[in-house]
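What follows is a set of notes on a single structure, which appears directly below.
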Amino acid sequence: MLQQTRVDTVIGYYHRFLQRFPSIAALAEAKEEEVLSLWQGLGYYSRARNLHRAARLITDRYGGQFPHTYEEVRSLPGIGDYTAGAILSIAFDQPYAAVDGNVLRVITRLTGLEKDITRPETKKELSQMVRPMIPLAHSGDFSQGLMELGALVCLPLEPLCDQCPVQSLCTAYATGRQNELPVRKKRDKPLKTIFYRVAVIQDQDCLLLEHRRKETLLGQMWGFPLVEEGSARSLESLFWEKYGLKIKLGKNLGRVTHIFTHQVWQMDISSYLLLPGTAFASTLHWIPEEEQKNLAIPTAFRKVLQVIKPG
């Protein structure tokens, strides 16, 4: 959960997740949709899917016991070098480095490395620099201490050098380059914006929602029917082609924007009237209001819900 998400945001989700899934076996036995439902709001849903897949793999391959060699841990879905290093050093006290963004910043400033920190080869080089520093005992304490140093003292902007226990070893401090390092190449291109029309179709207390296909962005989660705008064709014909919906435009309800790491969705929301005799796609379902809160609806579509049902 802490990958890409702040600690203060994660805490509540973490406790709710463990309350529902107190063991690897409990998580392995759960349906993916339930896992996604508990994850909604955290974003980066591939993390939840990988966690679920890893629990099943550990149950099937290792009898429910978490593996404790680097190769085995690294082979689990969703676990990269940083997570493997964190698990092995903190949980098993093995001498591996847990190199996150905070650690990369600390090591860059200590060594004065002037290479682009966003490049994979630079991250690999910095990880190799950390390895000789790791003590054979209490490596978990070392890993957590290094991460805390970056999080609390060696800050991205205006680092607290006067409070730093390794100030005398720091190349950046000695040369006055604390705010210049690490080097980060600026994003060359702005995020692509995609313009969508969202259809809000209601029948008394039910909403017509889409269970999104697995291969799509936000796959296996629930959302509103939507089509990409910009075509010369009418919106009604686009909804018919994609979903088999025969609909008539009602009124415009508003607009929401959602930013992903790689693109931006701008969604214009309109109510539509479903015409008689419509046999729509199997991905669409009528969902009563009392069931909607239990569905895995990602933040992008929760924003739409807030427009049509404020508060």
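Numbering (full-length UniProt numbering), first residue to last: 1 to 311. Yeah, the Cβ is synthetic: ideal placement off N, Cα and C, and Gly gets one too.
Taking the CA atoms as reference points, E148 sits about 8 Å from N102.
Within the same chain, Y70, V73, R74 and Y96 come within 8 Å of A84 by CB-CB distance, once the 5 residues on both sides are set aside. For P288, the uninterrupted beta strand (DSSP E) segment begins and ends at L284 to P288.
Measuring C-alpha to C-alpha distances from T118 to each of R184, F224, Q3 and R109 identifies R184 as the nearest.
The stretch 111-128 and the stretch 150-163 do not touch, with fewer than 3 CB-CB distances between them shorter than 8 Å. Excluding sequence positions up to five before and after R56, its CB lies within less than 7 Å of the CB of A28, all in the same chain and listed in chain order. About 7 Å separates the Cβ atoms of R105 and P156, confirming a contact at the 8 Å cut-off.
According to the DSSP assignment, E72 belongs to the alpha helix (DSSP H) that extends over Y70 to R74. Under the three-state reduction of DSSP output, Q144 falls in the helix class. Closest option to A281, judged by alpha-carbon separation, among K246, A26 and L295: K246. For W222, the pairing in a beta bridge is given by DSSP as H211.
DSSP places G250 within a strand segment (E or B) once states are collapsed to three. Residue burial is scored here from C-beta neighbours: M133 has fewer than 16 other C-beta atoms within 10 angstroms and is therefore classed as exposed. Between L136 and the set Y13, Q94, T111 and P165, the nearest pair of CA atoms involves Q94. Under DSSP, C206 takes part in a beta bridge, and its partners are D203 and P288. In this structure, S89 keeps its C-beta atom at 7 Å or more from the C-beta atom of S168.
For E229, the three-state secondary structure derived from DSSP is coil.
As DSSP reads the structure, F195 sits in a beta bridge with Q266. Taking the C-beta atoms as reference points, A172 is found no nearer than 7 Å to G223. Taking each of G150, R255, P190 and C170 in turn and checking the Cα distance to A199, the smallest one comes out for R255. Distance check between T59 and each of L2, K186, I107 and S23 places S23 closest, using alpha-carbon atoms only. The straight-line gap separating the alpha-carbon atoms of R16 and Q40 is approximately 12 Å. In the structure shown, the three-state DSSP call for L88 is helix.
Cβ-Cβ distances below 8 Å link G277 to K246 in the same chain, with the five nearest sequence neighbours on each side left out; the list follows chain order. Cβ-Cβ distances below 6 Å link P77 to N50, R53 and A54 in the same chain, with the five nearest sequence neighbours on each side left out; the list follows chain order. A distance below 7 Å separates the beta carbons of L235 and R197. CA-to-CA, the gap between S46 and A174 works out to about 42 Å.
Our two residues, M1 and V35, have alpha carbons roughly 13 Å apart in a direct line. Within the DSSP bridge table, the entry for T257 names Q266 as partners. DSSP places Y44 outside any alpha helix (DSSP H), giving it a letter other than H or E. In the DSSP assignment, P120 falls within the alpha helix (DSSP H) that extends over P120 to V130.
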